[in-house]
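Per the working numbering, the sequence shown runs over residues 20 to 318. Just so you know, even glycine gets a beta-carbon here, dropped at the ideal spot from N, CA and C.
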Amino acid sequence: MVTIIDGKEVAASVIEAVKASAEGYTAKTGGKVGLAVVIVGNDPASHAYVGAKGRMAKECGFNSIQHTLPEDTSQQDLLALVNTLNADPSIHGILVQLPLPKHFNSEEIIQSILPEKDVDGLHVVNAGKLATGDLASGLISCTPAGAMLLVRKIHGKDLSGLNALVIGRSNLFGKPMGQLLLNANATVTMAHSRSRDLPGLCRTADILVAAVGRAEMVKADWVKDGATVIDVGINRVPAPEKGEGKTKLVGDVDFAACKDKAAAITPVPGGVGPMTIAMLMANTVIAAHRTAGLEVPVF
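In structure tokens:
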């Protein structure tokens, strides 16, 4: 029987631990964990994400602050806001919602956030710490951190002797996911659009992680019998069975077919997705504890 990995359930357990840690922080310091989210422009999807993050931060007992800036905000004005938040001791985490409008140099904005407040885990200092195996003092990008928790639910913390393959080499997910798997002693292959014989590479993987943004690309005959499949893709595709003009969300993996080959698999939606906001909350409470010199919670 295949195990359908329930990301909602794991995320809920992380959130409960975050709430307890936030209460502990308040009891010891008298202050609240502070998260500032900055959004520029009117992109509906971005506003939906930011709203969800703000609601979850409040549920966790954080001081949640949102800065909503107009589309025509300048690079300098956004940098000035980030610098103000960097200097505010009541703010422990800063998140600038991506993508920014096209006239921004997004990389400059992200790198202007203090590494210790970079709860998205995108600053080069945090990426460098992960790359050198320092998981104790940096902040890890939220989606790979969440995906790794789902892997650990199946295999535990030590992945010695297991072959892991990550399809996708983005800075946001693929590279940090590969580093996390390597740090857990897996033998890691990074596959991408230039890889030869991608199906053949996938068939060697005990842990197969798909993060390419191509709907249902991974087919059943790509999956090794008994593999763990982590699907990070979120793709909206037509769903004529629901009615004319209707759509549905699917992953990068052909779930219906692959679940008969895999021993464990994440669904879309309800797999990796819920973990991202949960790990954002975890990073924020970790950052607050570090700043206060308190024992840092482990998730």
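- Taking one beta carbon from each stretch, the stretch 199 to 217 and the stretch 257 to 264 have fewer than 3 pairs nearer than 8 Å; the two do not touch.
- A210: not part of any alpha helix (DSSP H); member of the beta strand (DSSP E) spanning T206 to A210, first to last residue.
- Short of 7 Å from the beta carbon of V242, and not among the five residues preceding or following it, lie these beta carbons of its own chain, in chain order: C221, L227, V248, C277, K280 and A281.
- Secondary structure note for N202: its alpha helix (DSSP H) is the uninterrupted segment G193 to N202.
- A Cβ-Cβ distance of about 5 Å is found for the pair I132 and I113, placing them in contact under the 8 Å criterion.
- The bridge partners DSSP lists for K267 are V256.
- Of the residues assessed, N61 falls on the exposed side of the cut-off, its CB having fewer than 16 other CB atoms within 10 angstroms.
- Within a 10 Å sphere around the beta-carbon of N302 sit 16 or more other beta-carbons, which makes this residue buried.
- Looking from the CA of D240, the closest CA among G252, G232 and L217 belongs to L217.
- Under DSSP, Q85 shares a beta bridge with V56.
- Across the structure, A311 and V272 are spaced so that their CA atoms are roughly 43 Å apart.
- When the beta-carbon positions are compared, L169 and T285 come within less than 8 Å of each other.
- Beta-bridge analysis with DSSP links G112 to L54.
- No residue range can be given for T285, since it is assigned to no beta strand (DSSP E) and is classified by DSSP as neither H nor E.
- Note on geometry: alpha-carbon atoms of V287 and A246 lie some 17 Å from one another.
- Counted as a single uninterrupted DSSP element, the stretch harbouring V304 is not any beta strand (DSSP E) but the alpha helix (DSSP H) occupying residues G292 to A311.
- Between A229 and T206 a beta carbon distance of about 18 Å is seen, past the 8 Å cut, so the two are scored as non-contacting.
- DSSP, reduced to helix, strand and coil, places A224 outside both helices and strands of the structure shown, so it counts as coil.
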